[in-house]
Amino acid sequence: MKSNICQGLTFTAWALAILLSACGGGGSSTAPISSSPATVSYPAAALLGSSYENSAKAGEIMGSQSLPNEVRGGNAVAFGDFFHDGNYSMVTHSLVYNPADPSTSKKYGAIHFWKLINGTWTDSTSSILANTVGCLHPRKAIVADFNRTGRPSIFFACHGFDASPFPGESPHLLLSQADGTYKNVTLPFTGFFHSASAADLNGDGYPDVVVTDNFSRPYVLLNNQSGGFTADLTRIPASTAGQPIFTAELIDVYGTAKYALFLGGHEQSGSWPATLFPNDGSGSFVSTKPVILPSLSGYGFPTDVVFKNSTFYIARTIDASSNFYGGAAIQKVTFPTLTSSNLYQHSGSYSSGTQWINWIIPNNGKILSKDSLYGVSVPQ
């Protein structure tokens, strides 16, 4: 039962944050606060060493947000100080083609930047991005300082037309420029890039990118320090070739600043268990012994992962052909004991219209859905 102090009162943004838990902010059925009065702002954290760390830090500061509808189509969304004003802003990517209609195979989505104005995410793209044309099918947006400007740049993993013959497409890179704008670069690689994660793997100070590519295998794009990348297939085991791997994240699991590689894919309808590849210290994952993470009965596809306090939190969905993407769960796996439990399970449609969770974030001792429409909040 809620305390009487929570009834009939109006709070400023900072007071609301303090009283949130007392007024019923917890519990898996409660949607986190996602829009606020004009006084609210989210001071941006300094850029960290990996895209995962940048995403997790934004989650800790901002919590769940009311995201634009286009995020539930293409899934690509990220946060950073894109307008260089000291506050978090948002980047998204629309999806406008129809996978069931080949005639739409040239209908590319658009990239949008958003500022929080008077408590509402407001499209402010025109002031920092001239060329907004993006991918056909975006899947994930990650943030890192790819060109060492001290400002966030954005890498979009894209996989192209999502139906036979699956021609694939090129990733896009938005590079921060000295005048505060962004340069839209189409990278010279083609593949079914469903996921990506960035961290400096070769020790040169520039973030590299791991991509999943179902045309070949997961591999590394080494940052060439001039706004581009060079493909390196030698750093990830050849045993990943041809496997149904769709999720990648570079995480400092061992606390050494040598990022381990999480790879997740289809477990029920495929043959790839969620696997952690330790870093050998030189940015390679070939010679170390992989750690197989426990499965979760009925939920064979990890869509996202959070690592907090020596524990993995894995968002999963159903990958059975009879009910593909037809449910959601959040699995808790302690590390290194690999004790597994199911924290959360959901069937049916969310208010977003979807039946699975695309992204999760850590926030104030809870695991939340990044999009407040899902209303997911479970204790860590």
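In the numbering used here, the protein residues as written are 989 to 1368. Glycine residues also receive a C-beta, built at the ideal position from the N, C-alpha and C atoms.
Could you tell me which of the options sits nearest to residue i, measuring between CA atoms?
i        : options                                : result
Gly-1062 : Arg-1223, Ser-1357, Leu-1356, Trp-1347 : Trp-1347
Gly-1315 : Gly-1107, Leu-1209, Tyr-1096, Tyr-1338 : Tyr-1338
Lys-1128 : Val-1065, Pro-1176, Glu-1157, Ala-1088 : Val-1065
Ser-1114 : Asn-1297, Ile-1099, Asn-1202           : Ile-1099
Gly-1216 : Lys-1246, Gly-1271, Phe-1177           : Phe-1177
Lys-1296 : Asn-1202, Leu-1162, Leu-1221, Gln-1368 : Gln-1368
Leu-1134 : Ser-1214, Val-1084, Ala-1151           : This sequence places Phe at residue 1134; Leu is not what is there. Among Ser-1214, Val-1084, Ala-1151, the Cα nearest to that of Phe-1134 belongs to Ser-1214.
Asp-1192 : Pro-1225, Leu-1210, Val-1198, Gly-1179 : Leu-1210
Met-1050 : Gly-1286, Leu-1356, Leu-1361, Ile-1318 : Leu-1356
Asn-1267 : Phe-1300, Gln-1053, Asn-1212, Pro-1278 : Pro-1278
Ser-1325 : Ser-1335, Gln-1256, Ser-1298           : Note that residue 1325 is Thr in the sequence shown, not Ser. When each option's Cα is compared against that of Thr-1325, the closest is Ser-1298.
Lys-1103 : Pro-1056, Ala-1034, Arg-1136, Ile-1130 : Pro-1056
Phe-1312 : Ser-1329, Phe-1300, Ser-1257           : Ser-1257
Thr-1291 : Trp-1344, Trp-1260, Val-1366, Thr-1218 : Trp-1344
Leu-1175 : Glu-1255, Ala-1186, Val-1294, Leu-1162 : Leu-1162
Pro-1090 : Pro-1153, Ala-1044, Phe-1273           : Pro-1153
Thr-1120 : Ser-1227, Arg-1136, Val-1173, Phe-1273 : Val-1173
Ser-1112 : Gly-1286, Met-1078, Gly-1243           : Met-1078
Asn-1212 : Arg-1136, Thr-1092, Ser-1185           : Arg-1136
Arg-1245 : Ser-1283, Glu-1157, Pro-1195, Gly-1286 : A small fix is needed here, since residue 1245 is Ala in this sequence, not Arg. Selected option, being the one with the closest Cα: Pro-1195.
Ala-1229 : Ala-1151, Lys-1171, Ser-1204, Tyr-1247 : Ser-1204
Tyr-1247 : Thr-1218, Leu-1083, Val-1197           : Val-1197
Between residue i and residue j, what straight-line distance do the alpha-carbon atoms span, to the nearest angstrom?
i        : j        : result
Gly-1269 : Phe-1149 : 37 angstroms
Asn-1351 : Glu-1048 : 4 angstroms
Thr-1110 : Thr-1276 : 46 angstroms
Pro-1140 : Ala-1132 : 5 angstroms
His-1125 : Gly-1107 : 30 angstroms
Leu-1189 : Tyr-1040 : 14 angstroms
Gly-1138 : Ile-1349 : 24 angstroms
His-1072 : Pro-1087 : 37 angstroms
Leu-1331 : Thr-1342 : 20 angstroms
Pro-1031 : Ser-1309 : 44 angstroms
Gly-1014 : Ala-1303 : Confidence is the limiting factor: at Gly-1014 the pLDDT is only 31, short of 50, which leaves the residue's position unreliable, though a coordinate-based value still follows. Answer to the nearest angstrom: the Cα atoms are 19 angstroms apart.
Ala-1046 : Tyr-1076 : 8 angstroms
Ser-1164 : Leu-1036 : 16 angstroms
Val-1293 : Ser-1052 : 16 angstroms
Lys-1320 : Asp-1167 : 44 angstroms
Val-1364 : Lys-1354 : 10 angstroms
Ile-1306 : Ala-1317 : 9 angstroms
Phe-1273 : Ile-1105 : 44 angstroms
Ser-1259 : Ser-1043 : 29 angstroms
Pro-1225 : Leu-1249 : 11 angstroms
Gln-1231 : Ile-1116 : 39 angstroms
Gly-1286 : Gly-1243 : 32 angstroms
Which of the three DSSP states, helix, strand or coil, is assigned to residue i?
i        : result
Thr-1018 : Note on Thr-1018: pLDDT 30, under 50, position unreliable in the model; the coordinate value appears next. DSSP places Thr-1018 in coil when its eight states are reduced to three.
Ile-1049 : helix
Val-1079 : strand
Glu-1058 : coil
Glu-1041 : helix
Ser-1285 : coil
Thr-1222 : coil
Thr-1113 : helix
Trp-1361 : This sequence places Leu at residue 1361; Trp is not what is there. Reduced to three states, the DSSP call for Leu-1361 is helix.
Thr-1137 : coil
Pro-1126 : strand
Ser-1339 : coil
Ser-1270 : coil
Pro-1290 : strand
Thr-1092 : helix
Thr-1178 : coil
Ser-1185 : strand
Ser-1164 : strand
State yes or no: is the C-beta of residue i within less than 8 angstroms of the C-beta of residue j?
i        : j        : result
Val-1059 : Asp-1359 : yes
Thr-1169 : Phe-1181 : no
Ala-1145 : Pro-1155 : no
Phe-1101 : Phe-1070 : yes
Ser-1183 : Ala-1118 : no
Leu-1281 : Phe-1265 : no
Leu-1361 : Ser-1328 : no
His-1254 : Gly-1288 : yes
Ile-1239 : Leu-1251 : no
Ala-1262 : Ser-1038 : no
Gly-1271 : Arg-1223 : yes
Ser-1185 : Ile-1142 : no
Whose C-beta lies closer than 7 angstroms to the C-beta of residue i among residues of the same chain, with five residues either side of it excluded?
i        : result
Gly-1122 : His-1081, Tyr-1096, Gly-1097, Ala-1098, Ile-1099, Phe-1144, His-1160
Ser-1022 : Here the model assigns Ser-1022 a pLDDT of 41, short of 50, so the residue's position is not dependable, and the following value carries that caveat. Same-chain partners within the cutoff: Ser-1052, Gln-1053, Ser-1054, Ser-1360.
Asp-1220 : Tyr-1207, Val-1208, Leu-1210
Phe-1323 : Val-1241, Ser-1298, Thr-1299, Phe-1300
Val-1366 : Ser-1016, Ile-1318, Leu-1331, Tyr-1332, Lys-1354, Ile-1355
Would the beta-carbon of residue i be found less than 7 angstroms away from any heavy atom of the ligand NAP?
i        : result
Ile-1345 : For the structure depicted, the ligand NAP is absent and the ligand set is empty, with no information on it obtainable.
Residue i CB to nearest chain B CB: under 8 angstroms?
i        : result
Leu-1209 : In the structure shown, chain B cannot be found, because there is only a single protein chain.
Please work out which residues of its chain come closer than 6 angstroms, Cβ to Cβ, to residue i, disregarding the five sequence neighbours upstream and downstream, and give them in chain order.
i        : result
Tyr-1085 : Thr-1092, Lys-1095, Leu-1124
Asn-1202 : Phe-1180
Ala-1151 : Pro-1087
Lys-1171 : Leu-1163, Gln-1165
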